[in-house]
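The structure under discussion appears below in the form of structure tokens.
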Amino acid sequence: MLKSSQLFLFLLILSTSSLFSQTGSIKGVVTDAKSGETLIGCNVLIQGTDKGTITDFDGNYEIPEVPTGDYNLVISYVSYENQIVRVSVKNGETAEVNVQMSESAIELESVTVKATRKTDTEVALLNILKTSNMVVSGISNQQIAKSQDKDASEVVRRIPGVTIREGRFIIVRGLIERYNSVWLNNSSTPSSEADIRAFSFDVIPSNAIDRILIYKTPAPELPADFAGAAIQIFTKSNADENSLSFSYGVGYNSQATGNEDFRTYKKGKTDWLGYDDGTRSLPAGYPESPTAISELVNNPTPETKDKVNTIGRSFNKDWESEQKTPGINQSASITLSRRFLAGKVSIGNLTSLNYSNSYTYFEGDKRAYDGYDVNADQPYINHQFMNQRSTNSVRVGGLMNWLFIFGNNQRIEFRNILNQFGDSYVNTRTGYDNASSSDLRQSELFYQSRTTYSGQLSGTHKMNNDLAHLSWTLGYAYANRKQPDTRRVTSYVPAGEDLPYTYLFTRDPDPRLFGRLYLGNHENIYTANISFSQKLLLSEQFIPELKVGTYIENKTRQFDARNIGFIKSGFPSSALFQQPLDTIFADKNINYDKGIRIAEKTSASDSYRAENQLYAGYLAFNLPVTSKWNVYTGARVENNTQESFISTIDTAVYSNPKTDIFFTLNTTYNFTEKTLLRFAYGRSVNRPEFREVSPFVYYDFEQVASIYGNTALKNCYVNNYDLRFEWYPSNGESITIGGFYKQFDNTIEAHLRVFGSDLSYQYENTQEAYSAGVELDIRKNLGTLAGNNEGGFLRDFTLVLNAALIKSEVNTNDPNERDSVRVMQGQSPYIFNAGLFWQNEKANLTLSVLYNVIGKRIIFVGDQSNPHTWEMPRNSLDFTLIKSIGKNFQIKAGIKDLLNNNIRWVQNFDFKKADQTETVTREVPYFTYKPGTIFNLGLTYTIR
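Counting from 75, one number per residue, gives the positions in the sequence shown under the numbering used here.
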């Protein structure tokens, strides 16, 4: 007991002593090495930071409040050689560094020393937006830290015109994820999904983000393959200080935590680390060839029958879920920030590890219809189910970024981020199916693991007295998605009959009926880009800038599927299928001649491989026409070849080589230093994704639908127009209002189609479309509204508000379409975000309230027989409290989705009654559930 008390006292003293800021200062005199005269106006900068000063009339300088540690001082002056001097700063002391400067052999007109610009603050972000040549929006790490947003998917929905679908896919200006290009640290990101082009934003933890920029207009240096936006995510790289921080958080989900209806199934030993240990793998000895089982069945001998029986019995027999009450959500992270010197090089390292384990649960009403009974004024029911989903999600992630600064801030960066995700869930479904006139019970045991890695080696170099800049990036990205042993079970009883449920087995493998589905998706991206800019000193008033660059991208994907299942064999007694599952799957009943047996229906087109080669180059000019008017224009050339192959055939089933030139124009007129007007035009492209052009059919259990690819898809081309007025009233404040117009040729959408009796969707081109809207973004400190410099109580309040009104229209000219003219899939007519922040520095306390709502949008496009499926608006309200205790502790508490509105999908039936001339619209539910309110509490301890 005494030792424990002594240890506690020691830790308390240690933590208390570190509450006091440990800083020193640097001062000195700069003189000419030959004459000894003092030099006036020398730049003195701490390498790799934004701290610096200039010498006074006596050549003196002083840099106060420098954190303790070792630094390189960079001293520069016109016509003198730069000097780099090492200095050690101690707590409470002043380090004196006197420097003698030698004249340069080359006469220089001027010299500029650039500080390392901070990019993660709100003020820095607004400066980036203001000085950009393009129409761009964004969010900084400083604003992110004031919310409960745990990853990039939750962060980006705070940006004007941005919404999120399914919790991780971005929609910009009403355009779904396929129309958006996502780059991480100047390199392309892989798609984590097999069926759509979609970067999963939940793979980037919020505490790793430095800033997010969303470019809404094309530019020569940006990828041409976007229509909504080109999104640039930058992770932290610069270590501001030496520190080590630990964080731990807990969360209570009102729908999941402590819920006795929560279900799970047998897991592997490494599920808690986000990957399967082989528990769900195909049994050892299972044939590699998808046709091997059929070949054995087609050659029925005692030996082949025994072999089929042995293979069937080798599968695990875990078909049922079990009740397990989940605990609280938990998360933990550790972050090391380090700065040190190696000779005249400043080195920074940021390393972070994070872990989370969370649970979600919902009960949802899922319906589908076969039309509408006008006389009875009610829909014809196709099916009506109660869905229950129990999900356990694990994330393990790491980030390691290195920054090397040479001389006058020549930079080399090496960034790495790795994430491992594991999602295990149990779907259960009960209800009525009209096609079979039966009450059904269905279940799905599902697991997927996702591995994502992104790494970049990049450099930024300033030359020719800062008139020329060279930047380059080598990148590699990897995404691996595994979905092993998805198991689905169906049992039925005739509707209204008091009979035992019968498990449904057929004579042919079906992924819905005792299917065992194995999917794998691997994607690799190799990128290289180089950009060079040169300012041309044509005159003092006219200094244009030339930019050139090239970009190379090689993307490969391998998708594999094995469609395996158990079917009826021989003529077993019907009573067998009314027994418990462990009885049905007893070894004696897995019998080639009578009972059930293993079968495989994997076709050659179920797996595919694909390649995409992109070669791009650009030329651009930045022209300061007058002191107020700037023109940025240029062209980008892209040669893109996309090919898809069925895995067993070397000939491409889809090939689309194409070379395009994309012209862009961005102009800015500065009325004053605080107000400006932008106009932009650019042409862009939206290419089909691998899965969309593959001849593969995927069954979506949750949507009860099959998804078809289409090898006839064409590129979609887009003309983009933007006009935006920007006002920056004071430091950290901005008000912008703008409008946009986009015209599309050959838009790509998922359309409802009838293939047999099943509900199906296929990707298709529509003829033309447009999207137009207005956007408003306000960041305002309320203290300025008080009419005095103090601002009173209001000075602690900041309002962040953005809204968008959007209208879109698709002209299909397709007789199979329900509407020849309609809104674009995924487009919301309005988006509204509001945040009110109260931050009091004396109390070290921050409070925030965040609100979000979007208008209804089409999830699935209907046809003549089936209406569109709409996602309806819902209100989201978050509350966050952040309290700093001294210099070391921080507490964050909050309530996420306080209102817990229903997530609702609906369909609308339009008809005319016999005695009426006006069209009547009836809204019917399609899918409804509550996601739950989450209560979070976290503690962070930082050692500085």
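All residues carry an ideal CB built from backbone N, CA and C; glycine is no exception.
Checklist entry - Which residues mark the beginning and the end of the beta strand (DSSP E) in which residue 440 is found? => result 419 to 447
Checklist entry - residue 547 lies in the beta strand (DSSP E); which residues open and close that run? => result 542 to 568
Item to check | Three-state secondary structure (DSSP) of residue 698 | outcome: coil
Checklist entry - Would you call the segment 983 to 999 and the segment 313 to 324 in contact, with 3 or more CB pairs under 8 Å? => result no
Next on the checklist: Can you list, in chain order, the residues of its chain with a C-beta nearer than 6 Å to that of residue 760? Leave out the 5 residues immediately preceding and following it.
Outcome noted: 253, 301 and 790
Next on the checklist: Tell me which residues share the same chain as residue 132 and place their Cβ nearer than 7 Å to its Cβ, disregarding the 5 neighbours each side in the sequence.
Outcome noted: 112
Checklist entry - In terms of alpha-carbon separation, which member of 411, 815 and 435 lies closest to residue 427? => result 411
Checklist entry - Can you give, in chain order, each stretch of the alpha helix (DSSP H) that sits fully within the segment 640 to 725 and has at least 4 residues? => result 655 to 658
Checklist entry - Alpha carbon to alpha carbon, how far is residue 154 from residue 537? => result 16 Å
Next on the checklist: By the three-class DSSP mapping on this structure, what secondary structure does residue 47 have?
Outcome noted: In the structure as shown, the chain starts at 75 and stops at 1018, and residue 47 therefore has no counterpart that could be examined.
Item to check | Proximity to residue 765 [Cα-Cα], best of 732, 123, 531 and 718 | outcome: 718
Checklist entry - Using DSSP with H/G/I as helix, E/B as strand and the rest coil, what is residue 381? => result helix
Checklist entry - What residues match up with residue 141 in a beta bridge as DSSP calls it? => result 97
Next on the checklist: Does residue 367 come out as helix, strand or coil in the three-state DSSP assignment?
Outcome noted: helix
Item to check | Reference residue 303, options 262, 246 and 330, closest by Cα | outcome: 246
Checklist entry - If you draw a straight line from the C-alpha of residue 372 to the C-alpha of residue 762, how long is it? => result 40 Å
Checklist entry - In whole angstroms, what is the alpha-carbon distance linking residue 703 and residue 407? => result 48 Å
Item to check | Local conformation of residue 413 per DSSP, three classes | outcome: strand
Checklist entry - Counting Cβ pairs, one atom from each stretch, are 3 or more of them under 8 Å apart for the segment 614 to 629 and the segment 661 to 671? => result no
Checklist entry - Looking only at C-alpha atoms, which of 163, 136, 145 and 287 sits nearest to residue 67? => result No information on residue 67 is available, as it lies outside the stretch 75 to 1018 that the chain covers here.
Checklist entry - Taking Cβ positions, are residue 1005 and residue 980 nearer each other than 7 Å? => result no
Checklist entry - Do residue 464 and residue 515 have their CB atoms nearer than 7 Å? => result no
Checklist entry - In three-state DSSP terms, what is residue 130? => result coil
Checklist entry - Using the rule of at least 16 other Cβ atoms within 10 Å of the residue's Cβ for burial, across every protein chain shown, is residue 454 buried or exposed? => result exposed
Checklist entry - Can you tell which of 171, 644, 671 and 175 has the C-alpha that lies nearest to the C-alpha of residue 109? => result 175
Checklist entry - For residue 258 versus residue 545, is the C-beta distance shorter than 7 Å? => result no
Checklist entry - If you draw a straight line from the alpha carbon of residue 504 to that of residue 458, how long is it in whole angstroms? => result 8 Å
Item to check | Own chain partners of residue 912 with C-beta closer than 6 Å, once the 5 adjacent residues on each side are dropped | outcome: 870, 871 and 921
Checklist entry - From residue 352 to residue 342, what distance separates their C-alpha atoms? => result 7 Å
Checklist entry - Just reading off the alpha helix (DSSP H) that residue 749 is part of, what are its end residues? => result No alpha helix (DSSP H) contains residue 749, which is instead part of the beta strand (DSSP E) from 749 to 760.
Checklist entry - So residue 172 packs on residue 103, CB below 8 Å; how close in whole Å? => result 5 Å
Checklist entry - So is residue 161 buried or exposed if we call it buried at 16+ other beta carbons inside 10 Å? => result buried
Next on the checklist: For a minimum of 3 consecutive residues, which ranges assigned as the beta strand (DSSP E) are wholly contained in the segment 452 to 480?
Outcome noted: 452 to 480
Item to check | Start-end ranges of the beta strand (DSSP E) lying completely within the segment 874 to 962, minimum 3 residues | outcome: 904 to 914, 919 to 928, 931 to 934, 943 to 945 and 950 to 959
Checklist entry - With respect to the alpha helix (DSSP H) encompassing residue 602, which residues constitute its N-terminal and C-terminal limits? => result That residue, residue 602, is in no alpha helix (DSSP H); its beta strand (DSSP E) goes 589 to 609.
Item to check | Which of helix, strand or coil DSSP assigns to residue 866 | outcome: helix
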